[in-house]
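Novice:
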Amino acid sequence: MTAKDKPALPNATRRSILIGAVAGALAPTMATGASGGSAATAASGGSAGVTAAPESDSVHQRQPFYGEHQPGIVTPRPAAGLVASFDVLAQNRAGLERLFKTLTERTAFLMAGGTPPSLDPKFPAADSGILGPVVTPDNLTITTSLGASLFDDRFGLQGSRPRRLSRMTSFSNDALQEEFCHGDLLLQFCSNTPDTNIHALRDIVKNTPDSLLLRWKQEGSVPVRPPSPGKPKESARNFLGFRDGSANPDSGNAEMMDEIVWVQAGADEPAWTAGGSYQAVRLIRNFVERWDRTPLQEQQSIIGRDKASGAPFGGATEADVPNYAGDPQGKLTRLDAHIRLANPRDAEAQKHLILRRPFNYSNGVSKANQMDMGLLFIAYQADLERGFIAVQKRLSGEPLEEYIKPFGGGYFFALPGVRDENDYLGRALIEAAASSNTHS
Amino acid sequence: MKFKRQFALSLAALSASFAPAIAAVSPLDLVQPIADYKIYVQGKIDTLVKDTKAFTDAVKAGDLAKAKALYAPARVNYETIEPIAELFSDLDGAIDSRADDHEQKEKSADFTGFHRIEYGLFSQNTTDGLGPLADKLYADVTDLQKRVAGLTVPPEKAVDGAAGLLEEVASSKISGEEDRYSHTDLWDFQANIDGAQKIVALVEPLVSKEDPALIKTVNDNFATVDGILAKYKTADGFETYDKLSDADRKALAGPVTALAEDLSKLRGTLGLS
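These protein sequences, in sequence, are chains A and B. For the first sequence, the positions run 1 to 440 when our numbering is used. For the second sequence, the positions run 1001 to 1273 when our numbering is used.
1. Thinking Glu318/A and Ser309/A are a contact (beta carbons under 8 angstroms), I'd like their distance in whole angstroms, please.
2. For the beta strand (DSSP E) that contains Thr1152/B, what are its first and last residues?
3. In three-state terms, what does DSSP make of Lys233/A?
4. Going along the chain, which residues of its own chain have a beta-carbon closer than 7 angstroms to the beta-carbon of Arg290/A, five neighbours each way excluded?
5. Check whether the Cβ atoms of Lys1157/B and Pro1073/B sit closer than 8 angstroms, and answer yes or no.
6. So, for Ile1199/B: in the same chain, excluding its five sequence neighbours on each side, which residues have a beta-carbon less than 6 angstroms away from its beta-carbon?
7. Mind checking who Pro406/A pairs with in its DSSP beta bridge?
8. Any idea which residues DSSP pairs Lys1233/B with across the strands?
9. To which residues does DSSP link Pro312/A through a beta bridge?
10. Would you mind listing the alpha helix (DSSP H) stretches within the segment 1098-1124 of chain B that are 4+ residues and don't spill past its ends, in chain order?
11. Per DSSP, what are the beta-bridge partners of Pro124/A in this structure?
12. If Asn343/A and Ala274/A are in contact, beta carbons under 8 angstroms, what's the gap, nearest whole angstrom?
13. For Ala112/A versus Asn192/A, is the C-beta distance shorter than 8 angstroms?
14. Below 8 angstroms, how does it come out for the segment 1182-1192 of chain B and the segment 384-397 of chain A: are there three or more Cβ pairs, yes or no?
15. Leaving aside the five residues before and after Glu178/A along the sequence, list all residues of the same chain whose C-beta is less than 7 angstroms from its C-beta, in chain order.
16. Could you please tell me which residues of the segment 159-181 of chain A, in chain order, have their CB closer than 8 angstroms to any CB of chain B?
17. Under 8 angstroms, Cβ to Cβ, is there at least one residue of chain B near Asn286/A?
18. Within the continuous alpha helix (DSSP H) that includes Phe1055/B, where are the two ends?
19. Please report how far the alpha carbon of Phe313/A lies from the alpha carbon of Arg305/A, in whole angstroms.
20. Along the beta strand (DSSP E) that carries Gln350/A, what are the first and last residues, could you check?
21. Examine chain A for any beta-carbon lying closer than 8 angstroms to the beta-carbon of Ser1258/B, and answer yes or no.
22. Looking only at its own chain, which residues have a Cβ that is under 8 angstroms from the Cβ of Thr1217/B, when we skip the five neighbours before and after it?
23. Along the chain, where does the alpha helix (DSSP H) that runs through Lys367/A open and close?
24. Taking the beta carbon of Gln329/A as the centre, do at least 16 other beta carbons fall within 10 Å, making it buried, or is it exposed?
25. Quick one: using the 10 Å Cβ neighbour count with 16 as the cut-off for buried, is His60/A buried or exposed?
26. Does DSSP put Ile378/A in a helix, in a strand, or in coil?
27. Between which two residues does the alpha helix (DSSP H) harbouring Ile1174/B extend?
28. Find the residues of chain D that neighbour Ala1035/B, judging by a C-beta separation of less than 8 angstroms, and give them in chain order.
29. Since I believe Leu99/A is in contact with Leu212/A (beta carbons under 8 angstroms), could you give me their beta-carbon distance rounded to a whole number of angstroms?
30. Who are the neighbours of Arg345/A on chain B, taking C-beta pairs under 8 angstroms?
31. Between which two residues does the alpha helix (DSSP H) carrying Val1076/B extend?
32. Kindly list the residues whose CB is nearer than 7 angstroms to the CB of Ala1061/B, restricted to its own chain and excluding five residues on each side of it in sequence; keep chain order.
33. Buried or exposed: where does Phe123/A fall if 16 or more other Cβ atoms within 10 Å of its Cβ makes it buried?
34. Could you name the residues that DSSP lists as bridge partners for Pro416/A?
35. Leaving out five residues before and five after Val1041/B in sequence, what residues of the same chain have Cβ atoms less than 8 angstroms from its Cβ?
36. If I follow the unbroken alpha helix (DSSP H) through Leu157/A, where does it start and stop?
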């Protein structure tokens, strides 16, 4: 240290002590009211302002839990998502029923928010505390779905498996890694902030120690946009920089959702599945360095849309429907363009519609020192084979494959909704299995 | 006669893929380089077929040492012309896929080709059970030879192949993931670089007219990469990947990434879409 530097140290130390004292004095004020706290923080400036919690009224947003269908499927997608896949450790059907009831009770509490029970501090606390002493709902939804592997002889569910539920198999461009695939049970968390999802996951893990074993998880997000009243909504962009979901069916249209998303009573499926939905989850790495080195017109012709506006070729806005009938040779939109293969916009394509609910993921750095990021793809449909599997088969060999590599995910069945406080997740399944085993 | 027909086809492909009036390079200027590139590719594939025969014969004869020695030299021919070989994605998967591309990894029944045999030779240290895989590999490279003979090389694919080869290096060679059982990654590394340099050399006179600075940077970076790789040359080929020092690995990363960036501009510079 030089002589010149010396006087700086005591000053700096004194200053940080002073700021610490100010922050300490302010703490009670901040706890009493959000607006007061915010004003005080702004006035104090310095390091207290840097570490003050970001504020938003949206933490009080709440989604309904009870209903014919589970939340988090047609619910508008918030900014943060997380999926966690588990092996079920329950020993028998009674154990599985207990797990379903615990999941129901935790989901109802976490989505509503509230104050966790306060325990004798000589014991571990009931809640991780990461959202503070009062849990804010923050628009949280938790959606429970089941993998094909759950329908084995452990719980006597062999006869109750949804007919189209299978173990995901590799498509031609896949490089599936076992440690990121499949699972007996999958939880999808969606909320305004990643911390709320993590809080919910930790709550459920803590409450199911003997019945769930975490297998893999993936977090994701979508970029937030400023509100644009009076203008049409825009789809969020993925990590390729393109709007993703432009052709998604309108999730506000209940009739359409009955057709595309929800298994209907009377379908050729076990009766208990009515009101549920098939869920396809895929972890798809994007080779973003390479993509960023690809000419813009090449990117656009691979996807089939204008990158800036999201409009199909020949259209002006994202919502415009491409006219493939008028372009049979693929002069305007290549025949192997992503959006054309995924949805050829003909009568046949109407049978293969799915409801997509993707997030972008970012996971650190690959062995080759490249960014490991891409898409946490989630899609719901009433018929998995006619939906995701048929669409993905059509996409096989598309030019986009050079830039993407699916490496994980699985197929699941999202349970029907919980009707009210007397109902629980999976009740119809448990009852169906019980009655079929009694009869046989 | 044959060349004339090929020439006409290439010309048709050229005019179809040209964006009008971006560059001063005329579509006709590219005809000769693309024809020359196809001759280069066919020469490499002829060698690939010959060397693969020697390699698979050694495997089938149960000569483990010889098979190990012939593994890397046989596949370098494939690596130099990968942009063209990859146009046939079914064969590319059968010949050059890695265990990662298969859900059951090395145990997958559909895992075939060079890396599956590499796994047997170098990881399991035996030729046992590799006979049918050797036959299939030879049949697949022979099929590739036939298909490439009948191929009209799309100019934009050929030119972009230089960038594609560098992307290969950047995403999988530099990490030592390609030849994970034999650790002969530096052979493939050099082959990818050689294949890219060939493409650049063929279009260099045209690119020089448009952007002489680009060509200079590209050639300087090639020289840097070649210089570092030369340090690892042995009498028979290259040292194993684990011999690559951390400092050299990092010294390679910069020029490789810069080459990937610069070569991604080749198509645009030549007015190709």
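All C-beta atoms, glycine included, are put in the ideal place defined by N, C-alpha and C. Small disclaimer: the values here were computed from a predicted structure and weren't measured.
Specialist: A quick look at the data gives this:
1. Taking the first residue of the first sequence as 1, we reach residue 318/A at position 318. Taking the first residue of the first sequence as 1, we reach residue 309/A at position 309. So it is a contact: roughly 6 angstroms between Cβ atoms.
2. Residue mapping note: residue 1152/B aligns to position 152 of the second sequence, counting from 1. Run containing Thr1152/B: none; DSSP gives neither H nor E here.
3. Here residue 233/A corresponds to residue number 233 of the first sequence, with the count starting at 1. Looking at Lys233/A - three-state DSSP - the assignment turns out to be coil, as it is neither helix nor strand.
4. The count along the first sequence starts at 1 and reaches residue 290/A at position 290. For Arg290/A, where only same-chain residues beyond five positions count, the Cβ hits under 7 angstroms are Tyr403.
5. Position 157 of the second sequence, counting from 1, holds the residue named residue 1157/B. Position 73 of the second sequence, counting from 1, holds the residue named residue 1073/B. In this structure, Pro1073/B does not lie closer than 8 angstroms to Lys1157/B by Cβ.
6. As a first step, residue 1199/B is located in the second sequence; it is residue number 199 there, counting from the start. Excluding residues within five positions, the ones whose Cβ falls inside 6 angstroms are Gly1161, Ala1162.
7. Reading the first sequence from its first residue, position 406 is the one you call residue 406/A. According to DSSP, Pro406/A bridges with Ile284/A.
8. Numbered from 1 along the second sequence, position 233 holds the residue referred to as residue 1233/B. BP columns for Lys1233/B point to Phe1238/B.
9. As a working note, residue 312/A is residue 312 in the first sequence. The partner list for Pro312/A (beta bridge, DSSP) reads Arg305/A.
10. 1114-1118
11. For the purposes of this step, residue 124/A is taken as residue 124 along the first sequence, with counting starting at 1. BP columns for Pro124/A are empty, so no partner.
12. Counting from one through the first sequence, the residue named residue 343/A turns up at place 343. Counting from one through the first sequence, the residue named residue 274/A turns up at place 274. The Cβ separation is near 27 angstroms, so there is no contact.
13. Your numbering for residue 112/A matches position 112 in the first sequence. Your numbering for residue 192/A matches position 192 in the first sequence. Going by C-beta atoms, Ala112/A is not nearer than 8 angstroms to Asn192/A.
14. no
15. Start at 1 with the first residue of the first sequence, and residue 178/A comes out as number 178. Answer for Glu178/A: no residue qualifies.
16. Thr169, Ser170, Ser172, Asp174, Ala175, Leu176, Gln177, Glu178, Cys181
17. For this step, residue 286/A is matched to residue 286 along the first sequence. Output row for Asn286/A: interface = no.
18. Indexing the second sequence from 1 puts residue 1055/B at position 55. Start and end: 1031-1060.
19. Here residue 313/A refers to the residue found at position 313 when the first sequence is read from its first residue. Here residue 305/A refers to the residue found at position 305 when the first sequence is read from its first residue. The alpha-carbon atoms of Phe313/A and Arg305/A are separated by roughly 6 angstroms.
20. By 1-based counting over the first sequence, the position of residue 350/A is 350. Note, Gln350/A: premise wrong, no beta strand (DSSP E); not H, not E.
21. Numbered from 1 along the second sequence, position 258 holds the residue referred to as residue 1258/B. The sequence given here has Ala at residue 1258/B, not Ser. Taking Cβ atoms only, chain A never reaches closer than 8 angstroms to Ala1258/B, which makes this a no.
22. Here residue 1217/B refers to the residue found at position 217 when the second sequence is read from its first residue. Only Ala1258, Asp1262 meet the Cβ criterion.
23. Within the first sequence, numbered from 1, the residue matching residue 367/A stands at position 367. Note, Lys367/A: premise wrong, no alpha helix (DSSP H); not H, not E.
24. Your numbering for residue 329/A matches position 329 in the first sequence. Gln329/A is exposed by the Cβ-count criterion.
25. Taking the first residue of the first sequence as 1, we reach residue 60/A at position 60. Under this definition His60/A is an exposed residue.
26. Here residue 378/A refers to the residue found at position 378 of the first sequence. If DSSP states are grouped into helix, strand and coil, Ile378/A belongs with the strands.
27. Reading the second sequence from its first residue, position 174 is the one you call residue 1174/B. Taken as a continuous stretch (DSSP letters only), Ile1174/B belongs to no alpha helix (DSSP H), as it is neither H nor E.
28. Annotation note: the requested chain D is absent from the structure, which comprises protein chains A and B.
29. Residue mapping note: residue 212/A aligns to position 212 of the first sequence, counting from 1. Residue mapping note: residue 99/A aligns to position 99 of the first sequence, counting from 1. That pair is a contact at about 7 angstroms.
30. As a working note, residue 345/A is residue 345 in the first sequence. Near Arg345/A there are no residues of chain B at all, since even the closest Cβ is about 25 angstroms away, more than 8 angstroms.
31. Looking up residue 1076/B in the second sequence gives position 76. Val1076/B -> alpha helix (DSSP H) spans 1064-1080.
32. Position 61 of the second sequence, counted from the start, is the residue given in the question as residue 1061/B. Same-chain partners within the cutoff: there are none.
33. Position 123 of the first sequence holds residue 123/A. Counting Cβ neighbours within 10 Å, Phe123/A comes out exposed, since fewer than 16 surround it.
34. As a first step, residue 416/A must be located in the first sequence, where it is residue number 416. Answer by DSSP bridge pairing, in chain order: His69/A.
35. Looking up residue 1041/B in the second sequence gives position 41. Ile1081, Ile1084, Val1148, Val1153, listed in sequence order.
36. Within the first sequence, the letter at position 157 stands for residue 157/A. Leu157/A -> no alpha helix (DSSP H), and no H or E assigned at all.
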